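Undergrad: Here it is, the structure, as structure tokens.
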Amino acid sequence: MRTLLVGQSGGPTAVINASLAGVVDQARKAGFRRVLGMQYGVLGALQGELVDLSGVDAARLERLKRTPSAALGSCRYRLQSGDAERLAALCKQEDVAAFVYIGGNDSADTSLQVARAAGPGLSVVGVPKTIDNDLAGTDHCPGYGSAARFVAQITRETALDTQAMRATDPIRLIEVMGRHAGWLPAAAWLARERSHDAPQDKRVPARERSQDDAPHLVYVPERPLPVERIVSDVRQVYAQHGWCVVVLCENQPTPDGRVIGAVGQPRWVDPFGHAYHDSPAQFLTHQL
């Protein structure tokens, strides 16, 4: 029975289930008689944890599109020696013609390993999913838009609080995700337009907006700066306006490539070798 196998991997997003619903819907239209889902990604698949999605009706798929988190369950599992071959054997055993894995960069690497192990008899497709928007060759990843909107909203709300409390808490640093890409911190600039809800022809042009609007400073990892420069920028804005809102990335680096505030070994290294250091925003707070 011609089968498609689909899984979800990495951190859940607001729309990863929409991608899953699309895969199931299009699999049926493409003539697949059976659609199997991996419970908890490849980790579950390696343990034989598969669920039949063939009977999911159109109404449930429509609801799935608007359901957050990962309906199949997810994982952050790095394939070990022999795992790719085991997954290829599973696909052969279940008559799987297409292996679809929804995830980010690490999930794409997993898909590549499965494709190499299985050979040309198996179609392997990686579906983009990363709020960091850092998947090579992709203009914008599903999930980034939702996360960018959230960052802009949080920045706007935090800016209003900071402006109101400028007499006691005049400086606020907002650290956002993004790993080594600046797309999410950059989205904070969307909070600057006070007339965002106004009709298009009545919005305030960028050149005419108040320089007192927040965020005042946004730093992205593609533009590393010394700590002294950032501290100087903040003090200058504070001296001019009496308050300051700063947005920066979780791995904001200095020109020598070190994460701001990182001392010694990282606090944590995930299964794929990504290092997580102490908070750059926390370090800068102490400097200020």
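Here my numbering is used: position 191 in the sequence shown is 202, and no number is missing along the way. Backbone N, C-alpha and C fix where the C-beta goes; we use that ideal spot for every residue, glycine too. Remember, predicted model here, so these are calculated numbers, not experimental data.
Could you give the residue range of the beta strand (DSSP E) that holds residue 137?
TA: For the purposes of this step, residue 137 is identified with residue 126 of the sequence shown, where counting begins at 1. From DSSP, the beta strand (DSSP E) with residue 137 extends over 134-139.
Undergrad: Thinking just about the alpha-carbon of each residue, which of 125, 63, 115 is nearest to the one in residue 148?
TA: Your numbering for residue 148 matches position 137 in the sequence shown. Comparing Cα-Cα distances from residue 148 to each of 125, 63, 115, the minimum goes to 115.
Undergrad: Going by Cα to Cα distance, which pick from 295, 139, 161, 95 is closest to residue 241?
TA: Counting from 1 along the sequence shown, the entry for residue 241 is found at position 230. Of the listed residues, the one whose Cα sits closest to residue 241 is 295.
Undergrad: Measuring CB to CB, does residue 117 end up less than 8 angstroms from residue 190?
TA: Here residue 117 corresponds to residue number 106 of the sequence shown, with the count starting at 1. Here residue 190 corresponds to residue number 179 of the sequence shown, with the count starting at 1. Going by C-beta atoms, residue 117 is not nearer than 8 angstroms to residue 190.
Undergrad: For residue 131, does the count of other Cβ atoms within 10 angstroms reach 16, so buried, or fall short, so exposed?
TA: Looking up residue 131 in the sequence shown gives position 120. Residue 131 is exposed by the Cβ-count criterion.
Undergrad: Counting only runs that start and end within the region 89-171, where is the beta strand (DSSP E) found for 3 or more residues in a row?
TA: Here the runs fully enclosed are 107-114, 134-139.
Undergrad: Would you tell me roughly how many angstroms separate the C-alpha atoms of residue 245 and residue 73, rounded to the nearest one?
TA: Position 234 of the sequence shown holds residue 245. Position 62 of the sequence shown holds residue 73. Between residue 245 and residue 73, the C-alpha separation is close to 47 angstroms.
Undergrad: Is the region 80-88 touching the region 21-28, taking contact as three or more C-beta pairs under 8 angstroms?
TA: Yes: at least three Cβ pairs fall under 8 angstroms.
Undergrad: Quick one: any contact between the region 64-80 and the region 22-42, if contact means 3 or more CB pairs under 8 angstroms?
TA: Yes, they touch.
Undergrad: If you count every other CB in all the chains shown that lies within 10 Å of the CB of residue 179, and 16 or more means buried, which is it?
TA: As a first step, residue 179 is located in the sequence shown; it is residue number 168 there, counting from the start. The residue is exposed, with fewer than 16 neighbouring Cβ atoms inside 10 Å.
Undergrad: Could you say if the region 56-72 and the region 184-200 meet the contact criterion of at least three C-beta pairs nearer than 8 angstroms?
TA: The region 56-72 is not in contact with the region 184-200.
Undergrad: How should residue 219 be labelled, buried or exposed, when 16 other C-beta atoms within 10 angstroms of its C-beta is the threshold for buried?
TA: In the sequence shown, the residue the question calls residue 219 occupies position 208. In this prediction, residue 219 scores a pLDDT of 44, lower than 50, which makes its location untrustworthy; no coordinate-derived value is stated.
Undergrad: If you run the structure through DSSP and keep just helix, strand and coil, what is residue 245?
TA: The residue labelled residue 245 in the question sits at position 234 within the sequence shown. In the structure shown, residue 245 sits in a helix (DSSP, three-state: H, G or I).
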